[in-house]
Amino acid sequence: MGKKAKIMHKYLHQDHKYAYICPAINKTNRQRMKIDVVVATEKHLKYVQAINDTIDEAAKARGTGIARRTDEYITSKIQQGKAIIALNREEFVGFCYVESWGHENFVANSGLIVKQSYRGLGIAKRIKKEAFELSRKKFPHAKLFGLTTGEQVMRINTELGYVPVTFAKLTDDEQFWEGCKSCVNYDILQRTNMTKCLCTGMVYDPELVARRDAALKKTGGKRSGIARLLKKFACF
Ligand SMILES: CC(C)(COP(=O)(O)OP(=O)(O)OC[C@H]1O[C@@H](n2cnc3c(N)ncnc32)[C@H](O)[C@@H]1OP(=O)(O)O)[C@@H](O)C(=O)NCCC(=O)NCCS
Numbered sequence: 002m003g004k005k006a007k008i009m010h011k012y013l014h015q016d017h018k019y020a021y022i023c024p025a026i027n028k029t030n031r032q033r034m035k036i037d038v039v040v041a042t043e044k045h046l047k048y049v050q051a052i053n054d055t056i057d058e059a060a061k062a063r064g065t066g067i068a069r070r071t072d073e074y075i076t077s078k079i080q081q082g083k084a085i086i087a088l089n090r091e092e093f094v095g096f097c098y099v100e101s102w103g104h105e106n107f108v109a110n111s112g113l114i115v116k117q118s119y120r121g122l123g124i125a126k127r128i129k130k131e132a133f134e135l136s137r138k139k140f141p142h143a144k145l146f147g148l149t150t151g152e153q154v155m156r157i158n159t160e161l162g163y164v165p166v167t168f169a170k171l172t173d174d175e176q177f178w179e180g181c182k183s184c185v186n187y188d189i190l191q192r193t194n195m196t197k198c199l200c201t202g203m204v205y206d207p208e209l210v211a212r213r214d215a216a217l218k219k220t221g222g223k224r225s226g227i228a229r230l231l232k233k234f235a236c237f
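According to this note's numbering, the sequence shown holds residues 2 to 237 in order.
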């Protein structure tokens, strides 16, 4: 992203009401835009079809990564209070849900989607932040993790405190890895004995973050020996 675009992006992050860089959104719409990002409830069940259609479109465009879920699955996530939805007043804009793996020791924020005409406005960032807070509240001891090839998602995760890790540090829940079967790159994962693929694995480990924060506090912000060691061995 160029310097000018970056400055514009920072500005947009401060005020998501105006979509200056998005040609699909005209001036009148811009002035009317009011994006809310909330935990989805029963009243949002009417958006299930729109959510899945938007996921479908993105899957076709990218040809990998994200895949359509069943309407029943999206519905159950909303009913369980494990989904985040972004709306521009009554219009569907974006979505993400929380899923636990490995006896709730691991939690993933999955199915992240932002409608094409609303991209580049910081909406995914707001959705991921809400999903992060919801996950921490529902599963305070779990490690949060994700697999992605997307630069945007890597940037958002990094800002939230995730760090890149090898696949060995992710959940060993077979059901999670079953999900990779629908990806066009699955043969790579198989060839590497489930150790590598095109996706980068990222983890937010609350225990390590707490230890790092405590160590940083002790040293008044400077990294201590233990923090340097944690950095070296997988963490920061
Ligand atoms: C990935 C996706 C959710 C991003 O949504 P978005 O609302 O456009 O993202 P944001 O505007 O919040 O941008 C997030 C970060 O990515 C950066 N970014 C935005 N567009 C970018 C681009 N085209 N290339 C590189 N970085 C980009 C932003 O600058 C921001 O980082 P910063 O805060 O450091 O500046 C959206 O493109 C999408 O729905 N894609 C299809 C589905 C998908 O790939 N889902 C993810 C599966 S892992």
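Yeah, the Cβ is synthetic: ideal placement off N, Cα and C, and Gly gets one too.
- DSSP assignment within the stretch 101-152 yields the following whole beta strand (DSSP E) runs of 3 residues or more, N-terminal first: 107-115 and 144-149.
- Under the three-state reduction of DSSP output, Ala51 falls in the helix class.
- Scanning its chain for C-beta atoms nearer than 6 Å, with the 5 sequence neighbours on each side dropped, one finds no residue around Gln117.
- Closest by C-alpha distance to Phe146, out of Gly103, Cys184, Ser77 and Val40, is Gly103.
- With a cut-off of 8 Å on Cβ pairs, the stretch 117-137 is in contact with the stretch 34-44, counting three or more such pairs.
- Around Glu100, the same chain offers Ala109 and Ser111 as residues with beta carbons nearer than 6 Å, after the five sequence neighbours per side are excluded.
- Contact check for Gly202 against Phe177 fails: the beta carbons are separated by 7 Å or more.
- If you look at Val210, you'll find it in the alpha helix (DSSP H) that goes Pro207 to Lys219.
- Under the DSSP definition of a beta bridge, Phe96 partners with Ile86 and Ile114.
- Excluding five sequence positions before and after Lys83, the CB atoms of its chain that fall closer than 8 Å to its own CB belong to Tyr98, Val99, Glu100, Leu135 and Lys139, given in chain order.
- Where Ile36 is concerned, the enclosing beta strand (DSSP E) starts and stops at Ile36 to Val40.
- Here Asn194 is exposed, its C-beta having fewer than 16 other C-beta atoms within 10 Å.
- Proximity of the beta carbon of Leu190 to ligand 1 is not indicated: no heavy atom of the ligand is located closer than 6 Å.
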